[in-house]
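Taken in order, these protein sequences are the chains called A, B and C. Heads up: the first sequence begins at 400 in the numbering used here, then just goes up one per residue. Heads up: the second sequence begins at 577 in the numbering used here, then just goes up one per residue. Heads up: the third sequence begins at 148 in the numbering used here, then just goes up one per residue. Below is one structure, written out as structure tokens, with a few remarks after it.
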Amino acid sequence: MKKFLVFIQKEFYHIVRDTWTMIILLVLPILMTLLFGFGISTEIKNAKFAVYDPSHDLATQKIIDKIKTSDYFTLETYIDDPADIETIFQEGKIALVIVFSEQFYENMLHTGDAQILLIADGTDPNTASTLTSYASRLVASYQQDQMGATGMPPYQIHTEVKLLYNPTLKGSYNTVPGVMGMILMLICAMMTSVSIAREKELGSMEVILVSPMPPLLIILSKVIPYFAISIVNFTTVLLLSVYALEIPIVGSLFLLYGLALLFIFVSLALGLLISSLVDKQIVALLISVMGLLLPTVLLSGLMFPIENMPLLLQGIAQIVPAKWFIVAVKNVMIKGLGITSIMKELVVLGAMAVVLITLSLKKFKIRLD
Amino acid sequence: MKVIETDKLTKKFGSFTAVDSISMEVEKGEIFGFLGANGAGKTTAMRMLCGLSTPTSGKGTVAGFDINKNPEDIKKNIGYMSQKFALYEDLKVWENLRLFGGIYGVPQKEIEPRIDKLLTTLGFMDEKNTMVKALPLGWKQKLSFSASIFHEPKIVFLDEPTGGVDPATRRQFWELIYDASDRGITVFVTTHYMDEAEYCDRVSIMVDGKIEALDSPKNLKSTFNVESMDEVFFQLARGAKNE
Amino acid sequence: MSSISVNNIKRNYGKVEALKGVSFEVEKGEIFGIIGPDGAGKTTLFRILTTLLLADSGEAKVDGNDVIKEYKDIRKKVGYMPGRFSLYQDLSVEENLKVFATIFNTTIEENYHLIEDIYKQIEPFKKRRAGALSGGMKQKLALSCALIHEPTVLFLDEPTTGVDPVSRKELWIMLKKLKKEGITILVSTPYMDEASLCDRIALIQDGEFMKIDTPENIVNAFDSELWSVKSSNMSGLLKDLRANNKIITSFAFGDTHHVTVKGLSVEELKSYLVGKGHTSIEINSIKASIEDCFLELSKSS
């Protein structure tokens, strides 16, 4: 046992004494959480829009007011001629044009044929769809106000369903679970595989192998420090998201940690597996980044919705552990659902953990070749 | 003619004096052995002479250029071969030579014929298209020496060129050094093989950053009244502090 | 019982035959040197004996244990120092030693007597990171780490490569002391002049042992007439010696050239060289060194 402790201590020395390792382990997760939480999000703020309003009546005025007073949009200009719409987009000054039909208020009250056309720049489909959906929601909410005021039965309330768990439309609700997946993958898989590969490159692995130290202990002592740091990092991200990004943890904290532990096991096992296959730090790093980190970012649903991917990529996404982790975190942390709602994710992650740990223990070499 | 002249050349790293006021002169065509224990300051001194590191104080000229003022001109007029890196393993023999010729500004037209001439002299013509990594170690060393003098520099610096090479190849290597020296190229070489020190015209022995002895091997042996350079070295280096 | 016994070990890397079937025995308490250039197969042999690599064929036993079946027993009692410095550069001298003592289930105090002589020299720097040590000190630390568990067999793969002559000499003095403690030492080196410090040596080239014997016997077995030749123009001298067909081999050996001759007297050679314009000619009959033997053997193999 003492053997084991001295070895873990040694591993901590390696970590603490290397400035870059420390930065990656402790500063990077904070930076990533804040960056993704505040900056790189699908959230829209003060997007400039223009209006073509031939009706110019009470209803269009109210709708425009509603849109321009929201956080998301700022009214840039009115257009007098529909022909200017294209020019104004080409100038690149505005992101959205709202076109009202003629005699809007009249039609709204009587014929039910009041039309609004939302035009956005389709070259950035993500932003465009976000903008149009925000705007149409704002229009719908005006309609609701009207129904309430006139005493007519509300009939379009169901449009709000998608916003139920994110009433303020915050993008960080989406990204925080993804960032957690990314950070844990980075620290567990990448750092573990690189640190083992470093011992091989340095030659110290050679000396340790020619010793009575059981291979299992060698592995465990390499893994435990990163395991501990991962827990610390997970806690940091949680604290940041609650206090800096103002995302409350709705569900069970206990369940959330359990989920994180499971995901950490999977990531560590992946790191071990990589390290048993390669002898060089740079190769371990490249495989971790290309094979683990990129899929985590691109295929886990963090950046792009999985439903919109080609079938092949959707298939690949199923084997990305972070995909399952992110779904489960969203369910527990943001929606506040219980363990029954994430059974499927738990089973998949659990199976992955068992398979990967078995495989990496089997693959760990007691010799050099 | 002197191709290397230094006057109280000194390099300090913080409070540590790696090279302590060394002064020496090396003649054209001379084979100069630069000896010293690990950590005695050889590498640092060699870096200054190659224009890779600026002296803290003192001055010197290499190939006629000032170490402090014109390090770039020095680099054009010297060749360098280290034990660690010599040739690109994933390039063919002739590609490596073309590359070194190009780096040192050998005229494009001359490169091709020079490669052929060199390979013929070395008896390597059959290996012209071989990847360097497929060559035996001894051949690599000979080839990388040839590459380092491909542009006919005034001086070539060799940093432990023969480490681990088999005895026969080591001798062939020294014969190449003799040839270069006969052609007027000054050879500045560090080695841990004391018997190799005997091949040199003159040797200097560095201890704790200072040159403690500088003379021909023969004179050094008679001064210290010993049989071999090994013993000369041992007597001088034993008292070293900067281990 | 032999401390190390190797029987026809072969090992290939792809098409390259790193070891072409070597066999030898090392007695307990013997210093056995494997001498040969880089790429001759020394490291492969060491790795097979330290259970790090599997041989393609052949058997080997270390301290009575089979290197394949009983690798765990071997790992408990041998000390191994690989060719390149393989300790933790970011740990201090003391921390490195502690780590290695611990993995071998021992403490620094328990076996201090074994490493005392070596460790005393680096103890003043025990708080220094290993990466900041000089080559000679790194070597001493690595040796201390390899000895900390009182191994019965010590494997030193090129412990003196890249180390200056003073540190090399010190290392050999230490090895002699360890031998007195009854530790068997298998050491490899590319430096021929270190051969005489071993009890017995094997000369290895291209994966084959060219000869196994005591250094004296190997030197005495050199059967050609060997001369050292000197003149004022050493570079020209070598060319002229090669041009003489009664001279079989001629190699540069520091300040002289060594030649083996057939049917040529000293006087004849002298007049031949005078005819070539050489001055201050010195020719002496000499006793062969290990390096002469190596050159002779590698020529015939």
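Even for Gly, the Cβ is constructed at its ideal location relative to N, Cα and C.
For this session: Could you run through the region 708-733 of chain A and flag, in chain order, every residue whose CB is less than 9 Å away from some CB of chain C?
Result: none
Exercise. Looking only at its own chain, which residues have a Cβ that is under 8 Å from the Cβ of Ala727/A, when we skip the five neighbours before and after it?
Worked result: Leu658, Ile741, Glu744, Leu745 and Leu748
For this session: Please list the segments of the alpha helix (DSSP H) lying wholly inside the region 375-431 of chain C, counting only runs of 4 or more residues, in order along the chain.
Result: Within the region 375-431 of chain C, the complete alpha helix (DSSP H) runs of at least 4 residues are 381-390 and 413-422.
Exercise. Distance, Cα to Cα, Ile493/A vs Glu475/A?
Worked result: 7 Å
Problem set entry | Proximity below 8 Å, CB of Phe179/C to CB of Arg347/C | Cβ distance < 8 Å, so Phe179/C and Arg347/C count as in contact.
Problem set entry | Start-to-end residues for the beta strand (DSSP E) that takes in Arg315/C | Careful: Arg315/C lies outside any beta strand (DSSP E), inside the alpha helix (DSSP H) at Pro312 to Lys327.
Exercise. When the Cα atoms are used, what is the spatial distance from Leu671/A to Leu325/C?
Worked result: Across the structure, Leu671/A and Leu325/C are spaced so that their CA atoms are roughly 39 Å apart.
Problem set entry | Amino acids of chain C, ordered along the chain, whose beta-carbon sits closer than 8 Å to that of Asn614/B | From the beta-carbon of Asn614/B, the residues of chain C found nearer than 8 Å are Ser281, Gly282, Gly283, Gly309, Val310, Asp311 and Ser314.
Problem set entry | For Gln352/C: DSSP bridge partner residues | Glu355/C
Exercise. Does Glu819/B come within less than 8 Å of chain C when only Cβ atoms are used?
Worked result: Because Glu819/B sits at a pLDDT of 45, beneath the cut-off of 50, its placement in the model cannot be relied upon, and the following sentence gives the value as read from the coordinates. Glu819/B counts as touching chain C.
Problem set entry | Touch test, the region 632-646 of chain B against the region 331-343 of chain C, Cβ-Cβ under 8 Å, three pairs minimum | They do not touch, by the three-pair rule.
Problem set entry | For Ser633/B, the three-state DSSP class (helix, strand or coil) | strand
Exercise. Looking only at DSSP bridge pairs, what is Asp304/C linked to?
Worked result: Ser335/C
Exercise. Ordered along the chain, which non-local residues of its own chain (more than five positions away) have a Cβ less than 6 Å from that of Ala662/B?
Worked result: Ser720
Problem set entry | Ile654/B - partner residues in DSSP beta bridges | Ile731/B
For this session: Could you list which residues in chain C have their beta carbon closer than 7 Å to that of Lys401/A, in chain order?
Result: Thr249
For this session: Following the continuous beta strand (DSSP E) through Ser204/C, name the residue where it begins and the one where it ends.
Result: Ser204 to Val209
Exercise. For Tyr235/C, does the count of other Cβ atoms within 10 angstroms reach 16, so buried, or fall short, so exposed?
Worked result: buried
Exercise. With distances taken between CB atoms, is the gap from Phe356/C to Phe171/C smaller than 8 Å?
Worked result: When the beta-carbon positions are compared, Phe356/C and Phe171/C come within less than 8 Å of each other.
Exercise. With 8 Å set as the bound, which would you pick, yes or no: does the beta-carbon of Gly602/A sit closer than that to a beta-carbon of chain C?
Worked result: Closer than 8 Å: yes.
For this session: Tell me whether Lys718/B is buried or exposed, calling it buried when 16 or more other Cβ atoms sit within 10 Å of its Cβ.
Result: buried
Problem set entry | Contacts of Val405/A in chain C (Cβ-Cβ under 7 Å) | Lys245, Val246 and Thr249
Exercise. Should Asp742/B and Gln352/C be called a contact, given that it needs their Cβ atoms to be closer than 8 Å?
Worked result: yes
For this session: Determine, using beta carbons only, whether Ile598/B and Lys786/B come nearer to each other than 8 Å.
Result: yes
Problem set entry | For Asn367/C, the nearest candidate out of Asp213/C, Glu414/C, Glu438/C and Leu318/C (CA to CA) | Glu438/C
Exercise. At which residues does the beta strand (DSSP E) containing Ile156/C begin and terminate?
Worked result: From DSSP, the beta strand (DSSP E) with Ile156/C extends over Ser149 to Tyr160.
For this session: Answer with yes or no whether the minimum CB distance from Ala399/C to chain B is below 8 Å.
Result: At least one C-beta of chain B is nearer than 8 Å to the C-beta of Ala399/C.
Exercise. Would the beta-carbon of Tyr227/C fall within 8 Å of that of Val731/A?
Worked result: no
Exercise. So which of Lys618/B, Lys578/B and Cys626/B has the shortest CA-CA distance to Glu606/B?
Worked result: Lys578/B
For this session: Give the interface partners of Phe809/B over in chain C, defined as CB-CB distance under 9 Å, in chain order.
Result: Simply Asp311, Pro312 and Val313.
Exercise. Are the CB atoms of Asp402/C and Pro793/B nearer to each other than 8 Å?
Worked result: Judged by their CB atoms, Asp402/C and Pro793/B are nearer to each other than the 8 Å cut-off.
Exercise. When we look at the beta-carbon of Glu305/C and count the other beta-carbons within 10 Å, is it buried (16 or more) or exposed?
Worked result: Glu305/C should be labelled buried.
Exercise. Tell me which same chain residues have a C-beta within less than 8 Å of the C-beta of Ser233/C, skipping the five on either side of it?
Worked result: Ala289
Exercise. Where Thr307/C and Tyr338/C are concerned, what is the direct C-alpha to C-alpha distance, given to the nearest angstrom?
Worked result: 8 Å
Exercise. Taking DSSP as the reference, what is the three-state secondary structure of Val595/B?
Worked result: Of the three classes helix, strand and coil, the one that applies to Val595/B here is strand, per DSSP.
For this session: Out of Leu812/B, Ser780/B and Met707/B, state which residue places its alpha-carbon closest to the alpha-carbon of Tyr664/B.
Result: Nearest Cα to Tyr664/B within the set Leu812/B, Ser780/B and Met707/B: Met707/B.
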